[in-house]
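Comments concern the structure below.
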Amino acid sequence: MLPQEMVDLGSRRSTIRELFEYGKQRAAVVGPENVYDFSIGNPNVPAPECVTESIYRHLGRDPAALHGYTSAQGDYGVRKALAESLNRRFHQEFRAENLYLTVGAAASLSIALHAICEAGDEVVVFAPYFPEYSVFVSAAGAKLVEVPPRCEDFQIDFDVLAAHVTPKTRAVLINSPNNPSGVVYSKETAEKLAALLKERSAHYGHPIYLISDEPYREIVYGAETPFWTSYYSDTVVCYSYSKSLSLPGERIGYVLVPDGAADSKDLYHAVCGAGRYLGYVCAPSLFQYVIADCDGATSDLSIYRRNRDLLYHGLVDAGFSCVKPEGAFYLFPRALEADANGFCERAKKYDLLIVPGDAFGCPGHVRISYCVSTEQIERALPAFRKLAAEYR
Ligand code: PLP
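Residue numbers are given in the numbering used here: position 256 of the sequence shown equals residue 317, and the series is strictly consecutive.
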């Protein structure tokens, strides 16, 4: 008898993956240029030149050393270089010993949750949220507690949040810039969140950790993003180069445990232990060296800004209502009928592939991923207009 939970997880693809696969099948029938696939967050903008240069340079090294195992937590020199880069960019004092390299944000989150949570603990998340959070949280033995969305701006409603933080709360998980809303939390929000968590940690007599999932940290359109450890020392940062450097298939990122975090030495050991427990040791070595060379660089973000503006204005003109995203590369408008699933099914008639908000804990909305070619958006806008016309 096989564990049913695993069979179920593996046999039921996520809504996003389901649509992505459907898009490939449709493309084989009607041609890829006629399918407007806005389903997945796979960056279309190429990795910056520094990535290619770095790969070529490292390929000239001794292959046995280049492709060999590094330390379980990542090469020391790489971690030192990343710490120095973060210190320069965000005025911090990190060391190699604060970093654990991973195979992307999914692994960073799984490791952080396993390192922090015990059975029965609660992890607070804000809807709308990345659907895999529920898988990662339950795998760590914890319970996901969902703060309902504030749909007018998708910012944090502190009164509602306060009602969801209990003595069982072990961590609050945030994602800014946000997938799927594109919302960015301000410094004022960071201050308020820190104040609430400090007050509750003191009241309950145990630290409530903030887990900051930041794969979109650099993808902002003018908004200033707080560096969370400066506001709240009990923060564990989960980062990935999947989006900033357009390297999702290379699987590289890190967990950062600041010295100021409660029980920081043990917490870092727990991160190493969770990495070992989950089999996430020794991230891909070539890409460890590449990120040490390229940390802080980004793909051409002006393309995402152009896509955002084109799609946002195109959809608003067609009759959609939408919070204008300040970061990441997703739009999260209201569906034009109450049932977002039905709406997305109807969109398929025009070969528009968009994801129902239900998958993100936010029914009535749809996610449109605009990390696609600008040309795809230009060609898709008439289809969005036709879809909207059906509801007039
Ligand atoms: N967290 C968020 C909010 C994401 O959007 C994603 C991927 O889309 C991940 C985590 C996982 O990132 P990675 O591909 O680096 O594992």
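For glycine and all other residues, C-beta sits at the position ideal for the given N, C-alpha and C. Owing to the predicted nature of the structure, the values given are computational and were not obtained by experimental measurement.
Q) What number of angstroms, rounded off, separates the C-alpha of residue 143 from the C-alpha of residue 403? A) 46 Å
Q. Distance, Cα to Cα, residue 80 vs residue 411?
A. 14 Å
Q: With a 10 Å radius around its C-beta and 16 neighbouring C-beta atoms as the bar for buried, classify residue 426 as buried or exposed.
A: buried
Q) When DSSP labels each residue in this structure, what does residue 435 get in the three-state scheme? A) helix
Q) Any chance the CB of residue 378 is under 7 Å from a heavy atom of the ligand PLP? A) no
Q: Taking 8 Å as the cut-off, decide whether the C-beta atoms of residue 306 and residue 360 are in contact.
A: yes
Q.
Tell me whether residue 348, by its Cβ, gets closer than 7 Å to a heavy atom of the ligand PLP.
A. no
Q: Please classify residue 217: does DSSP put it in a helix, a strand, or coil?
A: coil
Q) What does residue 175 pair with, by DSSP beta-bridge criteria? A) DSSP output for residue 175 lists no bridge partner at all.
Q. With a CB to CB cut of under 7 Å and the five nearest residues on each side skipped, what residues in its chain are close to residue 3?
A. An answer regarding residue 3 cannot be provided, because it is not within the stretch 62 to 453 covered by the chain.
Q: Measure the Cβ-Cβ separation of residue 354 and residue 115 and say whether it is below 8 Å.
A: yes
Q: Could you tell me how far apart the beta carbons of residue 153 and residue 290 are, in whole angstroms, since I believe they sit closer than 8 Å?
A: 7 Å
(Q) Under 8 Å, with one C-beta from each stretch per pair, do the region 369 to 380 and the region 211 to 231 reach the 3-pair mark? (A) no
Q) So what does residue 235 bridge to, in DSSP terms? A) 273
Q: Can you check the region 319 to 357 for any alpha helix (DSSP H) of at least 4 residues that lies completely inside it and give the ranges in chain order?
A: 325 to 339 and 346 to 355
Q: Spell out the partners DSSP gives residue 185 in its beta bridges.
A: 206 and 233
Q) Residues in its own chain within less than 6 Å of residue 300 by CB, not counting five upstream and five downstream? A) 275, 314 and 315
Q | Residues near the ligand PLP, criterion Cβ-heavy atom distance below 6 Å | A | 102, 165, 166, 167, 191, 236, 240, 274, 276, 301, 303, 309 and 314
Q.
Using 8 Å as the threshold, is the C-beta distance between residue 119 and residue 350 below it?
A. yes
Q. According to the neighbour-count rule (16 or more other Cβ atoms, all chains shown, within 10 Å of its Cβ), is residue 419 buried or exposed?
A. buried
Q) Measuring CA to CA, which of 125, 231 and 277 is closest to residue 237? A) 277
Q) Going by beta carbon distance, what residues of the same chain come within less than 7 Å of residue 399, once the five residues before and after it are set aside? A) 425
Q) Are there three or more Cβ pairs, one per stretch, closer than 8 Å when the region 377 to 396 is compared with the region 242 to 259? A) yes
**Q.** N- and C-terminal bounds of the beta strand (DSSP E) containing residue 314
**A.** 314 to 317
Q: Tell me whether the beta-carbon of residue 161 lies closer than 8 Å to the beta-carbon of residue 336.
A: yes
**Q.** For residue 292 and residue 285, the rounded distance between their alpha carbons
**A.** 14 Å
Q. Where do the N-terminal and C-terminal ends of the alpha helix (DSSP H) with residue 505 fall, by residue?
A. Any answer about residue 505 is impossible in this case: the structure gives the chain only from 62 up to 453.
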